[in-house]
Every structure is written in C-alpha cells, then in structure tokens.
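K.L.:
Under our numbering, the residues of the sequence shown are numbered 190 to 404, in order.
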Amino acid sequence: METNIQDGILNILQSARSGVQLEELSEQLNLTRHTVAKYLEVMRAEGKIHYNKIGRTKLWTDVSKDVTIRFLGMDDLDDILRIQEKIIKEQKSNSLDRLVSLKDTTVYRLQHGDPLLNLGADIDGKLVGFVLGEVRRWEFGRGEMTGWILILGVDSEYQGMGVGRKLGSMLLDHFRKKNVEKVRTLVEWYEGDLISYFKSLGFNLLNMLPLEKEI
Ligand SMILES: CC(C)(COP(=O)(O)OP(=O)(O)OC[C@H]1O[C@@H](n2cnc3c(N)ncnc32)[C@H](O)[C@@H]1OP(=O)(O)O)[C@@H](O)C(=O)NCCC(=O)NCCS
Numbered sequence: 190m191e192t193n194i195q196d197g198i199l200n201i202l203q204s205a206r207s208g209v210q211l212e213e214l215s216e217q218l219n220l221t222r223h224t225v226a227k228y229l230e231v232m233r234a235e236g237k238i239h240y241n242k243i244g245r246t247k248l249w250t251d252v253s254k255d256v257t258i259r260f261l262g263m264d265d266l267d268d269i270l271r272i273q274e275k276i277i278k279e280q281k282s283n284s285l286d287r288l289v290s291l292k293d294t295t296v297y298r299l300q301h302g303d304p305l306l307n308l309g310a311d312i313d314g315k316l317v318g319f320v321l322g323e324v325r326r327w328e329f330g331r332g333e334m335t336g337w338i339l340i341l342g343v344d345s346e347y348q349g350m351g352v353g354r355k356l357g358s359m360l361l362d363h364f365r366k367k368n369v370e371k372v373r374t375l376v377e378w379y380e381g382d383l384i385s386y387f388k389s390l391g392f393n394l395l396n397m398l399p400l401e402k403e404i
C-alpha cells in the first residue's frame, strides 16, 4: 500500500509538465491532504522528490526532473572516486585491486578519452552519477566501429530515481552522433540489477562467449 501511494505520487509528478500542488495530488489520489503531506515529507527525506516555494505554495517535482547531464573533467575525479568507493563497499567486494584499477581507468579516460563519452549527472550541483564510454575502431567479427560502456555508477542514495536512465540514454545519443551502430558492455552473470538496467536501455545478450587465460 505504502509503495503504491509513493508510486502514484511519482507517476503524477513525472507526467506533470511543472510542479504539482498538494491539493492536486490529494484530489488525484483520492486521499486526504494530511495523508499525502505525510508521504511527501517521507519521500523528500528519502531524496526522491523536491519542492520549490512560490509565495506560500509548494510545487512538488520528482528529482529526475532536476538531473543535469554534463561532460566530465579531471575536477570531477574525487567525486567519481567517492561514488565508486561507496558502490564497491556496499557490494562487499571491497578489494583494493578493484578500486585501484577503477581509478586508473577513470583517470586515463578523463585525460585521454573522448569528452563526449564521459558524462556526469548532477542534482543540485552535486555529482551523483557518471558513465565512461569509448569507441573502438576494430571489433572482432565484422570490424565495425563499436561503442563500449566501460564504467558506470550512480550514488546509492540517488539510485532508482531515473539518474542511470538519463545518463545511459544520453551516452547512447552521443554514440549515435558518432555513427556508431552497436554498443556493448560486459556484466558479470550474477549482477541482476545491472542486467535489468541494461535491458531497460534496450541491450540484449550477444552471441559471443568471453574467453580468458591466466598467464
Ligand atoms: C545500475 C545503476 C547504474 C542504475 O542506476 P539508477 O539511477 O538506479 O537507474 P534508474 O533509476 O535510472 O533505473 C533505470 C532502469 O534500470 C533498471 N534498474 C535499476 N536499478 C535496478 C535494480 N536495483 N533492480 C532491477 N532493475 C533495476 C530498471 O529497469 C529501471 O527502470 P524502471 O525505473 O522503469 O523500473 C546503479 O544501480 C548502479 O550504479 N549500480 C552499480 C554499478 C556498478 O557496480 N558499477 C561499478 C563500480 S563503479
């Protein structure tokens, strides 16, 4: 019931062009203003929604409307590392090697990568997510240009609000602008959340098997 009401509020806010008032929400949800107000405060505390005050009126919007996608630079390194470290700690795969290799790749991409393919997501001026991609000129198979999504992360406090979707869709647009027709990524088979995320962007399984040998 609680999540249904939260979903209902989010649906209304997402389909509205501008902010929505409490009265309008209570009317559309057929709930008292008092009940809706309680939900709004909880969702605001969870970082899912915001309000702007115009005079005495509060206009509620969902956070994904306030997500700005922009290019990344070396100034963003510390924020990107903060997000990576948090994600890895939460995944309990707190291996130093993994963090070091993530940092090396991030620094390399920020310094030498294509700026169009390194994107960040800001909410209220704070970096809350990032994605780093590249175009490879030669790929196994037909030798066509292929886009690769290399590293992606959304701060866990801001997950589930559409930040990842905005980052992913914008990166795909930039690949299209570069005449890339295929985009690939590698995901561990057990990472269900990431697989669902990529499926939601239209990715499918590739008919290739990754092979590896330790040397
Ligand atoms: C995957 C990830 C980028 C998604 O970001 P997000 O901002 O939470 O995603 P969105 O809110 O935009 O969701 C987009 C879609 O992805 C899917 N999705 C996202 N999180 C999901 C989850 N936990 N379970 C299932 N599906 C999920 C859903 O289909 C969702 O669409 P819906 O909201 O219409 O259901 C984010 O969870 C993340 O950063 N995970 C860790 C990534 C990682 O391990 N990186 C390596 C180290 S930095």
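The beta-carbon is built from N, C-alpha and C at its ideal position, and this holds for glycine as well.
For Asp251, report the span of its beta strand (DSSP E) as first-last.
P.N.:
Residues Thr246 to Asp251.
K.L.:
What's the gap between the Cα of Asn307 and the Cα of Tyr347?
P.N.:
Roughly 19 angstroms separates the two Cα atoms.
K.L.:
Can you tell me the Cβ-Cβ gap for Gly324 and Gly336, rounded? I've got them flagged as a contact below 8 angstroms.
P.N.:
For the record, residue 324 in the displayed sequence is Val; it is not Gly. Confirmed, Cβ separation roughly 6 angstroms.
K.L.:
Just curious, the alpha helix (DSSP H) that Leu305 is in, first and last residue?
P.N.:
That residue, Leu305, is in no alpha helix (DSSP H); it is neither H nor E in DSSP.
K.L.:
Assign His363 to one of two classes, buried (16 or more other C-beta atoms within 10 Å of its C-beta) or exposed (fewer than that).
P.N.:
His363 should be labelled buried.
K.L.:
Alpha carbons only, please: which of Tyr379, Leu383, Arg373 and Ile404 is nearest the one belonging to Met397?
P.N.:
When only C-alpha atoms are compared, the closest one is Arg373.
K.L.:
With a 10 Å radius around its C-beta and 16 neighbouring C-beta atoms as the bar for buried, classify Ile338 as buried or exposed.
P.N.:
So Ile338 counts as buried.
K.L.:
Mind the definition here: the stretch 241-254 touches the stretch 205-221 only if three or more C-beta pairs lie below 8 angstroms; say whether that holds.
P.N.:
Touching, yes.
K.L.:
Which residue comes first and which comes last in the alpha helix (DSSP H) that contains Arg271?
P.N.:
Here the alpha helix (DSSP H) through Arg271 covers Leu266 to Glu279.
K.L.:
Do the CB positions of Leu316 and Val296 come within less than 8 angstroms of each other?
P.N.:
In this structure, Val296 does not lie closer than 8 angstroms to Leu316 by Cβ.
K.L.:
Closer than 7 angstroms to a non-hydrogen atom of ligand 1 - does that hold for the CB of Asp174?
P.N.:
Missing from the structure shown is residue 174; the chain here goes from 190 to 404 and no further.
K.L.:
Rounded to whole angstroms, how far is the Cβ of Lys237 from the Cβ of Val252, which I believe are closer than 8 angstroms?
P.N.:
The pair is a contact, with the Cβ atoms about 6 angstroms apart (cut-off 8 angstroms).
K.L.:
Closer than 7 angstroms to a non-hydrogen atom of ligand 1 - does that hold for the CB of Gly302?
P.N.:
No, ligand 1 has no heavy atom inside 7 angstroms of this Cβ.
K.L.:
Use the C-beta contact count for Phe319: other C-beta atoms within 10 angstroms, 16 or more gives buried, fewer gives exposed.
P.N.:
By the 10 Å Cβ count, Phe319 comes out buried.
K.L.:
Buried or exposed for Leu261, please, with buried defined as at least 16 other CB atoms from any protein chain shown within 10 angstroms of its CB.
P.N.:
Leu261 comes out buried.
K.L.:
One question on the structure: do Gly302 and Leu288 come within less than 8 angstroms of each other, judged by their Cβ atoms?
P.N.:
Contact: no.
K.L.:
In this structure, does DSSP put Arg365 in helix, strand or coil?
P.N.:
Note: Arg365 maps to helix in three-state DSSP.
K.L.:
With distances taken between CB atoms, is the gap from Glu279 to Ser385 smaller than 8 angstroms?
P.N.:
Their beta carbons are not under 8 angstroms apart, which means Glu279 does not touch Ser385 by this criterion.
K.L.:
Find out if the Cβ-Cβ distance for the pair Ile198, Met359 is shorter than 8 angstroms.
P.N.:
Not a contact, by the Cβ cut-off of 8 angstroms.
K.L.:
Under 7 angstroms: does the beta carbon of Tyr240 sit that close to some heavy atom of ligand 2?
P.N.:
Only ligand 1 can be found as ligands here, which leaves ligand 2 out of the picture.
K.L.:
For Thr224, which of helix, strand or coil comes out of DSSP?
P.N.:
Reduced to three states, the DSSP call for Thr224 is helix.
K.L.:
Report yes if the C-beta of Leu291 is less than 7 angstroms from at least one heavy atom of ligand 1; otherwise report no.
P.N.:
Yes, the beta carbon of Leu291 sits closer than 7 angstroms to at least one heavy atom of ligand 1.
K.L.:
I need the straight-line Cα distance from Ala234 to Gly391, nearest angstrom please.
P.N.:
So the two alpha carbons sit approximately 32 angstroms from each other.
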